[in-house]
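Chemist: Before we start, here is the structure in question, set down as structure tokens.
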Amino acid sequence: MSLADVKKNAQERMNKSIETLKADLAKVRTGRAHTGILDHVMVEYYGSPTPLTGVANVTLIDARTIGVQPFEKKMLTTVEKAIRDADLGLNPSSFGEMIRVPTPPLTEERRKEMVKLVKSEAEDAKIAVRNIRRDANEQLKKMVKDKTASEDDERRASDEVQKLTDKFVADIDKLVVEKEKEILTV
1 MSLADVKKNA QERMNKSIET LKADLAKVRT GRAHTGILDH VMVEYYGSPT PLTGVANVTL
61 IDARTIGVQP FEKKMLTTVE KAIRDADLGL NPSSFGEMIR VPTPPLTEER RKEMVKLVKS
121 EAEDAKIAVR NIRRDANEQL KKMVKDKTAS EDDERRASDE VQKLTDKFVA DIDKLVVEKE
181 KEILTV
């Protein structure tokens, strides 16, 4: 493994940490409706759990309402029950062939809880990024010990890994600020 491979591997793993954080933040409910809230809802479809998007079309009706239209009419009650049972604090109701899912406005207390949750998720992501930095630095030290890289090369590569870490931590902070603003906007 070369120095470039170590840096590339670290960068790819840090990117995955950011993607995971983005996915986790998408699950956090804000005062506005967004279809991402329902991404993790599983529906019993012919005996096997299937993601909601696999059995229905999910759209935004307005800023506070999500529309869910099952591909098959007979799935209407099953989909409605799955959304209700998903423990998201949502109360879906059927209108003909469509299910309307109104998102209730968040209380100030709930908003503060959501911000704490977002900060906790961000801290986990930062820890993951720092662990990746530590692993990369250990690999670099091992390369010096095995005489496959010079100490100068190791120091330069270590500095570059640190710059990568700083960049990803800044990206995480930026994501948190955006999500916090989104949550606190009434």
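For the sequence shown, counting from 1, position 121 maps to 121 in full-length UniProt numbering; every step adds exactly one.
Think of the CB as a built atom: it goes at the ideal place given N, C-alpha and C, for glycine as much as any other residue.
Nearest by alpha-carbon distance to Ile-132: which of Lys-81, Lys-16, Glu-97 and Ala-4 is it?
Modeler: Among Lys-81, Lys-16, Glu-97 and Ala-4, the Cα nearest to that of Ile-132 belongs to Lys-16.
Chemist: Can you tell me which of the three DSSP states Ser-150 falls into?
Modeler: Here Ser-150 sits in coil by DSSP.
Chemist: Less than 7 Å between the C-beta atoms of Lys-179 and Val-118, yes or no?
Modeler: Cβ atoms of Lys-179 and Val-118: closer than 7 Å.
Chemist: Taking only runs of the alpha helix (DSSP H) that begin and end inside the region 54-128, which ones reach a length of at least 4 residues, in chain order?
Modeler: If we require 4 residues or more, the alpha helix (DSSP H) runs fully inside the region 54-128 come out as 76-85.
Chemist: Measuring only the C-alpha atoms, how far is Ala-149 from Lys-8?
Modeler: Roughly 16 Å separates the two Cα atoms.
Chemist: Tell me the DSSP secondary structure of Val-43 in three-state form.
Modeler: In the structure shown, Val-43 sits in a strand (DSSP, three-state: E or B).
Chemist: Along the chain, where does the alpha helix (DSSP H) that runs through Thr-20 open and close?
Modeler: Looking at the DSSP string, the run of the alpha helix (DSSP H) that includes Thr-20 is 3-27.
Chemist: Let me make sure I understand the geometry here. Which of Glu-121, Ile-127, Met-143 and Arg-156 has the alpha-carbon closest to that of Lys-22?
Modeler: With distances taken between Cα atoms, Lys-22 lies closest to Glu-121.
Chemist: So, helix, strand or coil for Thr-185, using DSSP?
Modeler: The answer is coil: DSSP assigns Thr-185 none of H, G, I, E or B.
Chemist: In chain order, what residues of the same chain lie with their CB nearer than 7 Å to the CB of His-40, ignoring the 5 residues before and after it?
Modeler: Within the same chain, His-40 has close Cβ partners Lys-27.
Chemist: Taking the alpha carbon of Gly-47 as the point to measure from, which residue in Thr-78, Arg-64 and Phe-71 has its own alpha carbon closest?
Modeler: The candidate whose alpha carbon is nearest that of Gly-47 is Thr-78.
Chemist: Along the chain, where does the beta strand (DSSP E) containing Thr-50 start, and where does it finish?
Modeler: Counting along the chain, the beta strand (DSSP E) containing Thr-50 begins and ends at 48-51.
Chemist: Quick one: is Val-6 buried, meaning 16 or more other Cβ sit within 10 Å of its Cβ, or exposed?
Modeler: Classification for Val-6: buried.
Chemist: Once the 5 residues before and after Met-14 are set aside, which same chain residues still bring their CB inside 6 Å of it?
Modeler: Closer than 6 Å at the Cβ level, and outside the excluded window around Met-14, lie Val-129, Ile-132 and Phe-168.
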